[in-house]
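Only one structure is covered here, and it is reproduced in the block below.
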Amino acid sequence: MTEKEKALLAGCVNGDKAAWDAFVVQYSALVYHTIRKTLTLHHASPQDDIVEDLHQNFFLSICENDFRKLRQFKGDRGCSLASWLRMIASRVTVDFLRLKQPPTVEVPVALASDQPDPPNTLVDREEERQIAKALDGLSPRDRLFVDLHFYRGLPPEEVATILNVSVAAVYTLKSRLMDKLREVLKKA
Numbered sequence: 589m590t591e592k593e594k595a596l597l598a599g600c601v602n603g604d605k606a607a608w609d610a611f612v613v614q615y616s617a618l619v620y621h622t623i624r625k626t627l628t629l630h631h632a633s634p635q636d637d638i639v640e641d642l643h644q645n646f647f648l649s650i651c652e653n654d655f656r657k658l659r660q661f662k663g664d665r666g667c668s669l670a671s672w673l674r675m676i677a678s679r680v681t682v683d684f685l686r687l688k689q690p691p692t693v694e695v696p697v698a699l700a701s702d703q704p705d706p707p708n709t710l711v712d713r714e715e716e717r718q719i720a721k722a723l724d725g726l727s728p729r730d731r732l733f734v735d736l737h738f739y740r741g742l743p744p745e746e747v748a749t750i751l752n753v754s755v756a757a758v759y760t761l762k763s764r765l766m767d768k769l770r771e772v773l774k775k776a
């Protein structure tokens with residue numbers, strides 16, 4: 589953490605209005621774009637009024653309980669203030685989406701292939717149908733995990749952050765889901 593960031597944070601937690609104004613100006617665009625990107629990643633329409641509300645909610649959450657969140661930031665393990673604020677903005681957005689409606693996962697019509705234009709055989713379509721049916725049988729949280737980890741290829745650390753669980757829990761969830769999907773596909 590730079591000396592400038594330390595001074596800015598110290599001013600904010602000590603109630604310095606000028607420091608808070610500088611903090612908001614410096615990080616407002618970062619927070620705004622993180623919220624838009626998170627909404628887009630979760631197949632939610634990033635409408636301006638929703639983004640503005642979430643933007644305001646983010647800064648309110650920073651101020652809550654006498655700037656408790658800012659007091660928690662340590663800047664250790666290579667975490668910059670900007671990356672930490674992006675994580676909080678993503679969490680605020682994901683929490684909003686969780687309250688709004690259960691997440692959905694779009695199942696692609698065709699599975700990816702190395703071949704330029706694979707033929708749609710009856711067997712291919714049947715496998716796709718079985719996989720889609722197996723995915724439909726999962727809970728919304730499990731479908732979100734499949735979307736984040738398998739379809740989007742996010743690293744376990746990022747999936748853990750979005751789902752608000754530990755990295756170890758991500759590996760446990762992956763193993764449990766793979767077993768569950770194998771069992772469903774075996775019966776099909």
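This note's numbering runs 588 ahead of the 1-based position in the sequence shown.
Virtual Cβ for every residue (Gly too), placed ideally from N, Cα, C.
Counting along the chain, the unbroken alpha helix (DSSP H) around S616 starts and ends at K605 to L629. Annotation for P744: the continuous alpha helix (DSSP H) segment containing it runs P744 to L751. Between N653 and the set V601, L596, L723 and A632, the nearest pair of CA atoms involves V601. Comparing alpha-carbon positions, the option among H621, S616 and E771 lying closest to G725 turns out to be E771. Here A632 carries a coil assignment [DSSP, helix/strand/coil].
In the DSSP annotation of this structure, the continuous segment of the alpha helix (DSSP H) that includes G599 starts and ends at E591 to V601.
Rounded to whole angstroms, the Cβ separation of Q718 and L765 is 16 Å, and the two are not in contact under 8 Å. Collapsing the DSSP output to three states places D664 in coil. Collapsing the DSSP output to three states places L726 in coil. With a contact defined as Cβ atoms closer than 8 Å, L627 and L673 miss out at about 17 Å.
Under the three-state reduction of DSSP, R770 is assigned to helix. Secondary structure at R740: coil, using DSSP grouped into helix, strand and coil. V747 has its alpha-carbon roughly 10 Å from the corresponding atom of A757.
Where D683 is concerned, the enclosing alpha helix (DSSP H) starts and stops at L669 to K688.
Within a 10 Å sphere around the beta-carbon of S678 sit 16 or more other beta-carbons, which makes this residue buried. In this structure A722 is buried. Its beta-carbon is surrounded by 16 or more other beta-carbon atoms within 10 angstroms.
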